[in-house]
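Trainee: The structure follows.
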Amino acid sequence: MSNPSTFTEVAALIAEPARAAILLALFDGRALPAGELAFAASITPQTASTHLAKLVAGGLLACETQGRHRYYRLAGAHVAQAIEYLSAIAPMSAIVLKPQSREAQGLRFARCCYNHLAGQLGVAVTQALEKNGYLRAIDDKHFEVLPAGEIWLRTLGIDSPTVKPARQCLDWTERTHHVAGPLGVQLLSALCEAGWLRRSKNSRAVLVTPKGWAQFKAQLGLAPRDLENLEHKPALAG
């Protein structure tokens, strides 16, 4: 099947349990090899190859070749958003990946997720913005920027009314939400420009600078130890 054009064809691709597990394993925007995805879906590499070919042909995954290796990722943010909306009907099941390497641990700590801040840091910053009265979770999986938040965002050079809406994105590793949408993109960019964060040149990892920790503490009351005690809300709280 190639380029499915009907709702039922796309729905059938997602509905198969192994393919659903593969899509969930890629939900945070990372690219993973077929072997890792086979492990996540509890299937053989040969079976995974068949499913991956169908997902690529169906427009749900993209494949990138580096040397002898192939890496798979979601075809775009629209696919991630569709999966997230489906999860509102039935909660996502936990996906088990292989033991994390140091690089994977770094990605869990802080990473780019479609150009917004994700991982433990992304969730902690979002919760700090809520705690300080800058954001408020509202219906339809969005955040409302409150007046105090508009003032704070302007100190970073962000005019919040021009980058609405502030969307909630379910963080794949932390099982709760971080800020996404246009505001999430602008926030990550502004924090990098301000020297609080630095994006890795070789991966999706994001690093916090010494200035960043000082500013997170001074402006949001957020310290490294707070990331160890995140408030893990229900997976689909909105």
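In the numbering used here, the protein residues as written are 2 to 239.
A virtual CB, placed ideally from N, CA and C, is assigned to each residue, including glycine.
Predicted model only: the values in this text are computed from it and were never measured.
Between the beta-carbon of Val-209 and the beta-carbon of Arg-200, is there less than 8 Å?
Mentor: no
Trainee: For the alpha helix (DSSP H) holding Phe-28, just list the boundary residues, first then last.
Mentor: It is not in any alpha helix (DSSP H) - Phe-28 carries neither H nor E in the DSSP assignment.
Trainee: Report yes if the CB atom of Leu-1 is closer than 8 Å to the CB atom of Leu-27, and no otherwise.
Mentor: This structure leaves residue 1 out entirely; the chain is present only between 2 and 239.
Trainee: So, with DSSP's three-state summary, where would you put Ala-111?
Mentor: coil
Trainee: If I'm right that Ile-152 touches Leu-188 with Cβ under 8 Å, what's the distance once you round it to whole angstroms?
Mentor: Cβ-Cβ separation between Ile-152 and Leu-188: approximately 15 Å, too far for a contact (criterion under 8 Å).
Trainee: Note down, in chain order, each residue of its chain lying with its Cβ closer than 6 Å to the Cβ of Leu-130, except the 5 sequence neighbours on either side.
Mentor: Leu-136
Trainee: Could you spell out the range, first to last residue, of the alpha helix (DSSP H) harbouring Ala-224?
Mentor: Neither: Ala-224 is in no alpha helix (DSSP H) and is coded neither H nor E.
Trainee: Write down the C-beta distance between Pro-46 and Ala-54 rounded to the nearest angstrom, noting that I regard them as a contact closer than 8 Å.
Mentor: That pair is no contact at about 13 Å.
Trainee: Please state the DSSP three-state secondary structure of Tyr-294.
Mentor: Examination of residue 294 is not possible in this model, given that the chain is present from 2 through 239 alone.
Trainee: Ordered along the chain, which non-local residues of its own chain (more than five positions away) have a Cβ less than 7 Å from that of Phe-144?
Mentor: Leu-136, Arg-137, Ala-138, Ala-167, Gln-169 and Val-180
Trainee: To the nearest whole angstrom, what separates the beta carbons of Lys-218 and Trp-197, a pair I think is in contact under 8 Å?
Mentor: About 11 Å separates the two Cβ atoms, so there is no contact after all.
Trainee: Output the distance between the C-alpha atoms of His-52 and Asn-203, rounded to the nearest integer angstrom.
Mentor: 29 Å
Trainee: Less than 8 Å between the C-beta atoms of Ala-78 and Tyr-115, yes or no?
Mentor: yes
Trainee: Quick one: grab the DSSP three-state call for Ala-238.
Mentor: Unreliable placement is indicated for Ala-238, whose pLDDT of 26 sits below 50; the coordinate value is still reported in the next sentence. Ala-238 falls in the coil class under three-state DSSP.
Trainee: Among residues of its own chain, excluding the 5 on either side of Val-164, which ones have a beta-carbon nearer than 7 Å to its beta-carbon?
Mentor: Pro-183, Leu-184 and Gln-187
Trainee: What does DSSP give as the partner residues of Leu-62 in its beta bridges?
Mentor: Leu-75
Trainee: Please report the residue range of the alpha helix (DSSP H) in which Leu-192 lies.
Mentor: 182-194
Trainee: One question on the structure: do Ala-49 and Ala-35 come within less than 8 Å of each other, judged by their Cβ atoms?
Mentor: For Ala-49 and Ala-35, yes; Cβs fall inside 8 Å.
Trainee: Suppose the cutoff is 8 Å on Cβ atoms and the five residues either side in sequence are ignored; what does the same chain contact list for Leu-122 look like?
Mentor: Phe-110, Ala-111, Val-207, Val-209 and Leu-228
Trainee: If you compare alpha carbons, which of Gly-150, Ser-161, Thr-174 and Ala-191 is closest to Leu-221?
Mentor: Looking at Gly-150, Ser-161, Thr-174 and Ala-191, the one whose alpha-carbon comes closest to that of Leu-221 is Gly-150.
Trainee: So Glu-17 is in the alpha helix (DSSP H); what residue range does that whole segment cover?
Mentor: Note, Glu-17: premise wrong, no alpha helix (DSSP H); not H, not E.
Trainee: Across which residues does DSSP place Val-126 in a beta bridge pair?
Mentor: BP columns for Val-126 are empty, so no partner.
Trainee: Ala-195 to Ala-215, Cα distance in whole Å?
Mentor: 12 Å
Trainee: Run through DSSP, which three-state label would Arg-205 get?
Mentor: coil
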